[in-house]
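Beneath this line is the structure, given in structure tokens, with notes to follow.
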Amino acid sequence: MNSIVKKVSDFVIEQFNSSLPKGITYHDLKHTKDVVKTSQLIAKNCKINQSQLEMLLIAAWFHDLGIIDHYTNHEKRSAEICKKFLTNLNYPANKIITISKIICSTKIPQKPTNLLEKILCDADISHMGEKKFIARSLLLRIEWENIINKKFSDLDWIKSNIEFIRHNNFQTKFAKNYYSEQRKKNLMNLKAKLKNYKITPPPKQRSAS
């Protein structure tokens, strides 16, 4: 890890540990670390140079940090925090602009326009193609209930997850190959749950005697 990425990681970890609002169960430090690790994996299998890798990893560390201040549209706030931090370190302005765009590209629906943005976008939704998808999505459901009072029935949550997988695709060739099989399995499992889902009828009311 080079010195600037180390400074970034130390700062982000400290911010998450000290300032993460209660009730955040998905967009936490674990998620950020997972995204950084997955970004490294995907980048290793794409043709990028060391300067690009540095910008990618900085963006990965910062991509959700704005959630400590604003839940909605937190990607924009993440980019603002990143810009301030890097500017104070006299980091090149042109690279800060690039990093900000990488961060903002992760906003759903994702619209990456270049390779670095595609790598981070893939890393951010990589759980879609992993066995842990259901468990991770449950944490997001809990978070939405905690933070924005957005509640789902079990049936609606199954439908929501199906739509998420259907409408979000991996962008890089590596991610498409690496995650496609489990992505298909996750979608098939959700469709099976939907098909077999049975709504429990309310208990019968006893007639007055």
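Under my numbering, residues 1 to 209 are what the sequence shown spells out, in order.
Note that the Cβ used here is the ideal one computed from N, Cα and C, for glycine as well.
All of these numbers come straight from a predicted model, not from anything done at the bench.
{"Query": "ASP28: first and last residue of the uninterrupted alpha helix (DSSP H) it sits in", "Result": "Unbroken run through ASP28: none, as it is neither H nor E."}
{"Query": "Alpha-carbon spacing of PHE164 relative to MET128, whole angstroms", "Result": "9 Å"}
{"Query": "Limits of the alpha helix (DSSP H) - the one that HIS74 falls within", "Result": "74-88"}
{"Query": "Whether CYS121 touches THR106 by CB criterion (8 Å)", "Result": "yes"}
{"Query": "Beta-carbon proximity of VAL12 to LEU86, cut-off 8 Å", "Result": "no"}
{"Query": "Top-ranked residue by Cα proximity to PHE170, from SER18, MET55 and ARG183", "Result": "ARG183"}
{"Query": "Three-state secondary structure (DSSP) of LYS184", "Result": "helix"}
{"Query": "Alpha carbon of ILE102 to alpha carbon of LYS198, nearest angstrom", "Result": "42 Å"}
{"Query": "Reduced DSSP secondary structure (H/G/I, E/B, other) of ILE48", "Result": "coil"}
{"Query": "Cβ-based burial, THR38 [other Cβ within 10 Å; buried from 16]", "Result": "buried"}
{"Query": "Closest Cα partner of LYS191 within the set ASN177, TYR179, ASN168 and ILE158", "Result": "ILE158"}
{"Query": "ASN169, enclosing alpha helix (DSSP H) - first and last residue", "Result": "No alpha helix (DSSP H) holds ASN169; DSSP gives it neither H nor E."}
{"Query": "Other residues of its chain near LEU20: CB distance less than 7 Å, five sequence neighbours each side excluded", "Result": "ASP28 and ILE68"}
{"Query": "Check whether HIS70 and ASP124 have beta carbons under 8 Å apart", "Result": "no"}
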